[in-house]
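Visitor: Let me give you the structure first, and then I'll get to my questions.
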Amino acid sequence: MSSAPPILRLRGVRKRFGLDTALDGVDLDVRAGEVLAIMGPSGSGKSTLLHVLAGVYAPDEGSAHYLDTLVSELGEADRARLRLEEFGFVFQFGQLLPDLTALDNVALPLLIAGRPRRQAVRQAKSWLVQLGLADHAGKRPGELSGGQAQRVAIARALVTAPRIVFADEPTGSLDSLSAEQVMATLLELAKGTGATVVIVTHDPRVAAYADREVVVRDGRISGVGILA
71 MSSAPPILRL RGVRKRFGLD TALDGVDLDV RAGEVLAIMG PSGSGKSTLL HVLAGVYAPD
131 EGSAHYLDTL VSELGEADRA RLRLEEFGFV FQFGQLLPDL TALDNVALPL LIAGRPRRQA
191 VRQAKSWLVQ LGLADHAGKR PGELSGGQAQ RVAIARALVT APRIVFADEP TGSLDSLSAE
251 QVMATLLELA KGTGATVVIV THDPRVAAYA DREVVVRDGR ISGVGILA
């Protein structure tokens, strides 16, 4: 793990929202193929850190690289294209579109990327089968359990074969059993594709799945630990 080159690199990153400083001089390398857990109390800046790593936010100061791309210098349109083509996302509440079926939710990133509908649907079905959701493909999010909805979200995140999966509190809305199942599924499938995984969590049980843990406090990295 230590010999793998950084796939993401932050140097001197600061991010402010009004008068509040969310990140204050953050340096961080994320290595290709690792599972990194970002932990910290509420309001510590951990979700902001994930959003800067993922190119959702541009830093106000400092630099953010993805491989050889200086993401912090890209405009919003180019960052959006990067996220679509290279990254996958899993959120706490899934953020599935309520009027679309599970199948259409999974196929959506491929359709946005310009894939033919037949190909997008075929790939989406394949992921739903892998996740044990073939019988739920025609259901809308409101007809799914929390664990099922998160597995649909995992399928949507992985269907584009992303280089990196970003997961922001992916088990925060689930009971402990469903949380364990979702984490095991996410990491098994992501590692099977060779993806790097960056997880924001407040739950030590979720962080225990990671190779490495970063602790954020008051917008700064206060500790880094090897877990596996």
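Going letter by letter, the sequence shown gives residues 71 to 298 in my numbering. Note that beta-carbon positions come from the ideal geometry of N, C-alpha and C, so glycine has one too. This one's a predicted model, so the numbers in the text were calculated from it and none came from an experiment.
Report all residues from its chain with a CB closer than 8 Å to the CB of L180; omit the five preceding and five following residues, and keep chain order.
Guide: For the purposes of this step, residue 180 is identified with residue 110 of the sequence shown, where counting begins at 1. If we look at L180 and ignore the five residues flanking it on each side, its Cβ neighbours are Q189, A190, Q193, A194, V229 and T230.
Visitor: Are the CB atoms of M109 and A249 nearer to each other than 7 Å?
Guide: Along the sequence shown, one-based indexing puts residue 109 at 39. Along the sequence shown, one-based indexing puts residue 249 at 179. Not closer than 7 Å, so no.
Visitor: Residues in its own chain within less than 7 Å of L257 by CB, not counting five upstream and five downstream?
Guide: Counting from 1 along the sequence shown, the entry for residue 257 is found at position 187. Result list for L257: V105, V267 and Y279, in chain order.
Visitor: Can you grab the Cα-Cα spacing for the pair D148 / A260, in whole Å?
Guide: Locating residue 148 in the sequence shown gives position 78, where the first residue counts as 1. Locating residue 260 in the sequence shown gives position 190, where the first residue counts as 1. Those two C-alpha atoms are separated by around 25 Å.
Visitor: If I follow the unbroken alpha helix (DSSP H) through S196, where does it start and stop?
Guide: Taking the sequence shown and counting its residues from 1, the one referred to as residue 196 is at position 126. Looking at the DSSP string, the run of the alpha helix (DSSP H) that includes S196 is R187 to Q200.
Visitor: What whole-angstrom Cβ distance do I234 and F157 have, given they're in contact under 8 Å?
Guide: Walking along the sequence shown from the start, residue 234 turns up at place 164. Walking along the sequence shown from the start, residue 157 turns up at place 87. Correct: roughly 5 Å between the Cβ atoms.
Visitor: Do K46 and V294 have their C-beta atoms closer together than 7 Å?
Guide: In the structure as shown, the chain starts at 71 and stops at 298, and residue 46 therefore has no counterpart that could be examined.
Visitor: If we ignore side chains and look at the alpha-carbon of each, how far apart do V122 and A265 end up?
Guide: As a working note, residue 122 is residue 52 in the sequence shown. As a working note, residue 265 is residue 195 in the sequence shown. Using only the alpha carbons, I get a separation of about 18 Å.
Visitor: Flag this pair as yes or no: are the beta carbons of A177 and K209 separated by less than 7 Å?
Guide: Taking the first residue of the sequence shown as position 1, residue 177 is located at position 107. Taking the first residue of the sequence shown as position 1, residue 209 is located at position 139. Contact flag unset, no.
Visitor: Just to confirm before moving on: does the CB-CB distance between Q289 and L93 stay below 7 Å?
Guide: Residue 289 sits at position 219 when you count from the first residue of the sequence shown. Residue 93 sits at position 23 when you count from the first residue of the sequence shown. The sequence as given places Gly at residue 289; Gln does not occur at that position. It is a contact, given that the beta carbons lie within the stated cut-off.
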